[in-house]
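Just so we're aligned: 61 in this note's numbering is position 64 of the sequence shown, and the numbers increase by one with no gaps anywhere. Don't be surprised by glycine CBs; every beta carbon is placed ideally from N, CA and C. Below you'll find the structure, written out as structure tokens, and then a few comments.
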Amino acid sequence: MANKRRVMIVDDDDDIRITIKQILEKNGYKVYDFDNGYDCLKMLENGKKPTLIVLDIMMPLMSGWEIQRRLQAHPRWRKIPIIFLTGRTTNIAEEMYERYGIEYIKKPFSLSEFKESIKRAILTKHEYLKQREKRVYC
-2 MANKRRVMIV DDDDDIRITI KQILEKNGYK VYDFDNGYDC LKMLENGKKP TLIVLDIMMP
58 LMSGWEIQRR LQAHPRWRKI PIIFLTGRTT NIAEEMYERY GIEYIKKPFS LSEFKESIKR
118 AILTKHEYLK QREKRVYC
């Protein structure tokens, strides 16, 4: 598959990150995984732009919120869809999801729930880009 969809996973929990990576690779995705936001941002700065980012909210060093803010502030990264992952549900998390996240998954999650979230996130991105092209060319 020459034109693989690329996913970046940022989660400090090794078990979650490895499990997600295995699921996505089995389904034909190219996966870059990071246990912190700094390494993810370095990869983006080096030109690797993913189809979407699976982003844990609560991490040491740099929270998922901070990573998300940096993505939104950068013109080339702000349209990358984000699937937020968290072990807790809070009003702030739900509000941030409403504003910026395409999907929001609470840990633990089922395999089918996760696969469906990935599909919806990518489909939503493609639909957005199609609508944008129609507006530009009409």
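Between residue i and residue j, is the Cβ-Cβ spacing less than 9 Å?
{"i": "M5", "j": "L58", "result": "no"}
{"i": "G44", "j": "V7", "result": "no"}
{"i": "L82", "j": "D36", "result": "no"}
{"i": "R75", "j": "K46", "result": "no"}
{"i": "D9", "j": "M56", "result": "yes"}
{"i": "P78", "j": "I119", "result": "yes"}
{"i": "K1", "j": "K27", "result": "yes"}
Heavy atom of the ligand GDP less than 8 Å from the Cβ of residue i, yes or no?
{"i": "S107", "result": "Of ligands this structure carries none, so the ligand GDP is not represented either."}
Count the other CB atoms within 10 Å of the CB of residue i; is the residue buried (16 or more) or exposed (fewer)?
{"i": "Q65", "result": "buried"}
{"i": "I15", "result": "exposed"}
{"i": "G25", "result": "exposed"}
{"i": "L21", "result": "buried"}
Measure the alpha-carbon distance for residue i versus residue j and round it to whole angstroms.
{"i": "N88", "j": "Q69", "result": "20 Å"}
{"i": "I115", "j": "R85", "result": "20 Å"}
{"i": "K104", "j": "I80", "result": "12 Å"}
{"i": "S109", "j": "P72", "result": "33 Å"}
{"i": "Q19", "j": "Y29", "result": "11 Å"}
{"i": "R132", "j": "K112", "result": "The predicted position of R132 is uncertain, since its pLDDT is 46 and thus under 50; a value taken from the coordinates is nonetheless stated next. Approximately 31 Å between the Cα atoms of the pair."}
{"i": "I102", "j": "V51", "result": "10 Å"}
{"i": "S60", "j": "E42", "result": "18 Å"}
{"i": "F106", "j": "K23", "result": "18 Å"}
{"i": "F31", "j": "E63", "result": "15 Å"}
Near residue i, which residues of its chain fall below 7 Å by C-beta distance, leaving aside the five closest residues on each side in sequence?
{"i": "R67", "result": "L38"}
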